[in-house]
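Visitor:
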Amino acid sequence: TKDFINILRDHGDNSQWTPNHGPTATLCLHSANKLFRPTQTVCSLVAKIGEGGQFFYTTGASNPCISPFFPVFSPDTTVPGEYSEGSKNYNSKSYWWESERFHRKALLNFNSAQVEIQPLIINYEEEIISSIENSLSTLNQKQINEYFIRARAIVKNWGSKLDHLPSVNLGWGFSRYWRGYNKRNGII
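Reminder that position 110 of the sequence shown reads as 104 in this note's numbering, one-by-one numbering, no gaps.
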């Protein structure tokens, strides 16, 4: 499970990779401009199906590199109770948009923002995956809700720290591209 999650977070071999450089796409896709990268990852799902059971994890948000996975789709369950999906425009109650707003803030200093959240995500995911996949019982709705609440808390806590990171020069085109989408989506 963890290997597939890490694959979805891949930005290639360049350790200094940032979303604003280069026309090339990576598996974890970040939109950068209307010409070369006009789209981005909008949600990620990992499924493990085998003799030990069926386990499904999603980010419920864009960009798996800065989004924690949480469990979904256990028998007799639905999406987490507090999860509200996104639509065309920003909605502060939507987990997808809440995460996307923080993603767009993180673009101002992506490497530092990613370094800030990665240890929190890794610890959380290692704990939940081990607990879920080694359990003798099936996930219930209460557990799915609790795991989601923890994932959301990680994102909110991280998001509150983003304003304290210094901004880096992203280039005129990249900055203009995202300002336009922020305005269009009502994030400003």
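Even glycine gets a Cβ: it sits at the ideal position worked out from N, Cα and C.
Starting from the Cα of LEU101, find the closest Cα among THR12, THR132, TYR141 and give me that residue.
Guide: Nearest C-alpha to LEU101: THR12.
Visitor: Under the rule that 16 or more other beta-carbon atoms within 10 Å means buried, what is VAL109, buried or exposed?
Guide: The residue is exposed, with fewer than 16 neighbouring Cβ atoms inside 10 Å.
Visitor: Please report the Cβ distance between SER88 and SER56, rounded to the nearest whole angstrom; I am assuming they are in contact, meaning their Cβ atoms lie under 8 Å.
Guide: About 12 Å separates the two Cβ atoms, so there is no contact after all.
Visitor: In whole angstroms, what separates the C-alpha of PRO160 from that of ILE143?
Guide: Going from the Cα of PRO160 to the Cα of ILE143 covers about 29 Å.
Visitor: Which term fits ALA107, buried or exposed, when burial requires 16 or more other beta carbons within 10 angstroms of its beta carbon?
Guide: Result: buried.
Visitor: Express the C-alpha separation of LEU156 and ILE1 in angstroms, rounding to a whole number.
Guide: If you take the alpha carbons of ILE1 and LEU156, they lie about 25 Å apart.
Visitor: Are TYR171 and ASN27 close, meaning C-beta to C-beta below 8 Å?
Guide: Yes.
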